[in-house]
Each structure stands twice: as structure tokens, then as C-alpha cells.
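Participant: In UniProt numbering, the protein residues as written are 1 to 105. Built from N, CA and C at the ideal position, the CB exists for glycine as well. This structure is in C-alpha cells; I'll ask about it shortly.
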């Protein structure tokens, strides 16, 4: 399994309705891209005080690297990603971590 973790440093003027629309669009890709099996998103509560710059985040779960590669190359994902870049004032406002784990039981 691969957890695709994305953390967003939104601009002060980022439109929350636009953010919700992008999250809905990403979630709608479930079942449309082989191996994309789960999606969760929400605001960063920064409980440990270590990530105040990351206002929001989401995680996708993929069966394997091939499924993540399909997602990354999908034009719908790329279009939604471009909207996220705009909400963050550029690509530097987005951090991505892809974490490979054992298959869930």
C-alpha cells in the first residue's frame, strides 16, 4: 500500500469554497482510477505544534506504485492539482510524502 500524503500551506486569501471543490473532485476519482482505494482530508489541527504552516491536508491510499503512477498521470488529477497550486500561491506551498507500507490485512 502507498499513502500519498499532501499538506497545503494556503494563502491568506485562499477561497475555502474552491478548496472544498478541489477536495470533492479528488474524492470523486475514487473508483475511477484503478488501485485508488481511499481518500481523507481535513484541516491540520497541529496538535504537537510542529506544522503551523500546513493549514490543510489530504491522504490518498493506493494499492501499489502502479496505482499511484496512474493517479499522478491522470489529467483530472493534474487539473485539480493546478487549482491547489493556485490556492497555495505556488508549488512551494505544497508538501507531498509517499509512504510505502505493507498491505493492510
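In the UniProt domain "Stress-response A/B barrel" (2-99), which residue ranges form an unbroken alpha helix (DSSP H) of at least 4 residues, counting only runs that do not cross its ends?
Facilitator: DSSP runs (the alpha helix (DSSP H)) wholly in the UniProt domain "Stress-response A/B barrel" (2-99): 16-27, 65-73 and 75-87.
Participant: In angstroms, rounded to a whole number, what distance separates the CA positions of residue 32 and residue 50?
Facilitator: Whole-angstrom Cα-Cα distance: 35 Å.
Participant: From residue 78 to residue 48, what does the alpha carbon distance come to, in whole angstroms?
Facilitator: Cα to Cα, residue 78 sits roughly 32 Å from residue 48.
Participant: Are residue 41 and residue 10 close, meaning C-beta to C-beta below 7 Å?
Facilitator: The answer is no: Cβ separation not under 7 Å.
Participant: Taking 7 Å as the threshold (C-beta atoms), are residue 87 and residue 19 in contact?
Facilitator: Yes, Cβ-Cβ distance for residue 19 and residue 87 is below 7 Å.
Participant: What's the C-alpha gap between residue 67 and residue 73?
Facilitator: Roughly 10 Å separates the two Cα atoms.
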